[in-house]
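Chains as they are written, first to last, in the working numbering: chain X, 1 to 245; chain G, 246 to 425.
Quick reminder that beta carbons are idealized off the backbone N, C-alpha and C, glycines included.
No experiment lies behind these values; they were computed from the predicted model shown.
Have a look at the structure below, then the notes.
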Amino acid sequence: MPSNKHTPFLENIPAYALGALDAGQVAALESHLETCASCRGELAAYRALSEDLLMAIPPKTPPASMRRQLQSKLPSSHRLSSRRMGWSLGQSALVFALGVLLLLNVVSLLQMRSFQQQQAQLSHQLQSEQTALALLSYPGIRTIPINANGITGTLLLDDDRNAVALFAWNLPQLPANQTYQAWLIDSQEERVSLGVFRSDPTLPFTSFSIISSNKIANFVGIGVTVEPSGGSSQPTGPRLFRVGF
Amino acid sequence: MSDLEDAELVEQVARGSEKAFLLLYDRYASRVHALSLRTLNDPMLAEEATQDTFLKLWSRAQLFSSERGSLLVWLLTIARRVALDRLRLEARRPSLSDSNDPADVWPNIPDENTLSEENRWRSLYFAVQSLSVEHRQVIELAYYQGLSQSEIAETLGWPLGTVKTRLRAAMEQLRREWSR
Chain X
1 MPSNKHTPFL ENIPAYALGA LDAGQVAALE SHLETCASCR GELAAYRALS EDLLMAIPPK
61 TPPASMRRQL QSKLPSSHRL SSRRMGWSLG QSALVFALGV LLLLNVVSLL QMRSFQQQQA
121 QLSHQLQSEQ TALALLSYPG IRTIPINANG ITGTLLLDDD RNAVALFAWN LPQLPANQTY
181 QAWLIDSQEE RVSLGVFRSD PTLPFTSFSI ISSNKIANFV GIGVTVEPSG GSSQPTGPRL
241 FRVGF
Chain G
246 MSDLEDAELV EQVARGSEKA FLLLYDRYAS RVHALSLRTL NDPMLAEEAT QDTFLKLWSR
306 AQLFSSERGS LLVWLLTIAR RVALDRLRLE ARRPSLSDSN DPADVWPNIP DENTLSEENR
366 WRSLYFAVQS LSVEHRQVIE LAYYQGLSQS EIAETLGWPL GTVKTRLRAA MEQLRREWSR
């Protein structure tokens, strides 16, 4: 190619490499570059220089907050944060509904358990009273009055069946961690547990009946003490009363 | 992980590694931010442009090819485009950098402990600074402000032919200085 035709394109190459060549001249230069290896070599050299100019600026440290801001803008961070805390309205409503259902279930379960406990108490109470009534109608029954420490009542003993029924008035209510415990007392003052019972706050009297595995005739009395909930193997608490046979 | 090469880290970024991404940010944020600031001459806009550049690294990491050039050049090329787009969007008049700004200097003149690569860029920086004011102005406006030769002529009130001559002369001088 003659130099007088080559020179105008060559002069435009530095501006083209910087991206500063006016649009009207770009097409002509690019057309020339397709056929001129020499100009392509020049362009490669100036392009390398323009790339290097990108780095010929003193570094400037950005504010420290930018790193955190950038991190929060990452799509993965959005996804993670969404999973962690940014539930949609539908998801939130579903979780809320499940929470309410769970709460209702727990409340129902507690109520059912409470009803079962009340039912068991009433059933026990009924059984106790029926036993006591049966004892009263039995010809060989022994009736022993109770009158000690402000507590009055009646003790029914059936020696043939080793059945015991206790009716006591004015028994104080015990805290939840305590219970009444009845003991058979022998002539050596040894105690054998008859069982535990609690007073019923809805009734003015307390009844307790049981068929003992021991022969009642071998004992000389019955005592009632206050024991920790669940009872004790031997009396540990204060004595409420004692009745001799 | 911090010892990994750029190409390995970019591969990890392409697979969604936030840790690799932050390592690259720590490595190059000051260079990207400097270019954004030089182009936009506004700290707020420069911060946004820097973030946009790194978000493009995050979303386009799989497009990077180490065979075609270094990651830094790739990042700075993106940063320049982002900043120039923002400049056009803001329709702001170009401003020339103040070479007397004490903050606008390369920290520490080359010393033995500095990486040789960084020394190279320092040398080019000084080569640009050693240009005459007129030559430096056309380079600044063309490259860092994205103006065409006609726009530079209009901005500076110079004849178009003068702009062309000065731009060409400035590039030839840099090429000579740089290739020595």
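Inset, instruction - Could you pull out every residue in the same chain whose Cβ sits closer than 8 Å to the Cβ of A246 (chain X), ignoring the five residues on either side in sequence? - result: Because residue 246 (chain X) is not part of the residues shown, which for chain X are 1 to 245, the question remains open.
Inset, instruction - Show which residues of chain G have a CB atom less than 9 Å away from the CB atom of E30 (chain X). - result: Working through the first sequence from its first residue, we reach residue 30 (chain X) at position 30. None at all; the shortest Cβ gap to chain G is about 15 Å.
Inset, instruction - Would you be able to state if there are at least three C-beta pairs under 8 Å between the segment 167-177 of chain X and the segment 138-156 of chain X? - result: yes
Legend entry - Chain-order list of residues whose beta-carbon lies under 6 Å from that of E379 (chain G) (same chain, five-residue window excluded): Your numbering for residue 379 (chain G) matches position 134 in the second sequence. Around E379 (chain G): R411.
Legend entry - Range of the contiguous alpha helix (DSSP H) that encloses V288 (chain G): Taking the first residue of the second sequence as 1, we reach residue 288 (chain G) at position 43. What sits at residue 288 (chain G) in the sequence shown is Pro, not Val. Residue range 288-305 is occupied by the alpha helix (DSSP H) that includes P288 (chain G).
Inset, instruction - Check the C-beta distance from L321 (chain G) over to L285 (chain G) and give it rounded, since I have them as a contact under 8 Å. - result: Numbered from its first residue, the second sequence carries residue 321 (chain G) at position 76. Numbered from its first residue, the second sequence carries residue 285 (chain G) at position 40. No, L321 (chain G) and L285 (chain G) are not in contact; Cβ-Cβ is about 14 Å, not under 8 Å.
Inset, instruction - Check distances from the C-beta atoms of the segment 49-61 of chain X to those of chain G and list, in chain order, the residues that come in under 7 Å. - result: Of all residues in the segment 49-61 of chain X, L49, S50, E51, D52, L53, L54, M55, A56, I57, P58, P59, K60, T61 have a Cβ within less than 7 Å of some Cβ in chain G.
Legend entry - R305 (chain G) at chain X interface by Cβ criterion, 7 Å: Along the second sequence, read from residue 1 onward, the residue named residue 305 (chain G) stands at position 60. So no, R305 (chain G) is outside the interface.
Inset, instruction - Could you say which of X:R239, X:D160, X:F9 lies nearest to I216 (chain X) if we only look at CA atoms? - result: Working through the first sequence from its first residue, we reach residue 216 (chain X) at position 216. The shortest C-alpha separation from I216 (chain X) is found at X:D160.
Inset, instruction - Go ahead and label P75 (chain X) buried or exposed: buried means 16 or more other beta carbons lie within 10 angstroms of its beta carbon, across all protein chains shown. - result: As a working mapping, residue 75 (chain X) is identified with position 75 in the first sequence. Exposed.
Inset, instruction - Please confirm whether L166 (chain X) and F219 (chain X) have their CB atoms less than 7 Å apart. - result: The residue given as residue 166 (chain X) occupies position 166 in the first sequence. The residue given as residue 219 (chain X) occupies position 219 in the first sequence. Against a cut-off of 7 Å, the Cβ pair of F219 (chain X) and L166 (chain X) comes out as no contact.
Legend entry - Residues sharing a beta bridge with A158 (chain X), DSSP: Position 158 of the first sequence holds residue 158 (chain X). With the sequence shown as reference, residue 158 (chain X) is identified as Asp, and Ala is not the correct amino acid for it. Paired residues: X:A163.
Legend entry - DSSP state of P2 (chain X) mapped onto helix, strand, coil: As a working mapping, residue 2 (chain X) is identified with position 2 in the first sequence. The pLDDT assigned to P2 (chain X) is 46, lower than 50, so where the model puts this residue is not dependable; a value taken from the coordinates is nonetheless given after this. In this structure, P2 (chain X) counts as coil in the three-state DSSP scheme.
Inset, instruction - Kindly indicate the opening and closing residues of the beta strand (DSSP E) around G223 (chain X). - result: Stepping through the first sequence from its first residue, residue 223 (chain X) is reached at position 223. It spans 221-228 - the beta strand (DSSP E) in which G223 (chain X) sits, taken as one unbroken run.
Legend entry - Between the CA atoms of S92 (chain X) and I384 (chain G) - distance to the nearest angstrom: The residue labelled residue 384 (chain G) in the question sits at position 139 within the second sequence. The residue labelled residue 92 (chain X) in the question sits at position 92 within the first sequence. For I384 (chain G) and S92 (chain X), the distance between alpha carbons rounds to 57 Å.
Legend entry - Contact with chain X by A279 (chain G), beta-carbon distance below 7 Å: Here residue 279 (chain G) refers to the residue found at position 34 of the second sequence. Yes, A279 (chain G) lies at the interface with chain X (some Cβ there is under 7 Å from its Cβ).
Inset, instruction - Please state whether DSSP places T202 (chain X) in a helix, a strand or coil. - result: What you label residue 202 (chain X) is simply residue 202 of the first sequence in a count that begins at 1. Note: T202 (chain X) maps to coil in three-state DSSP.
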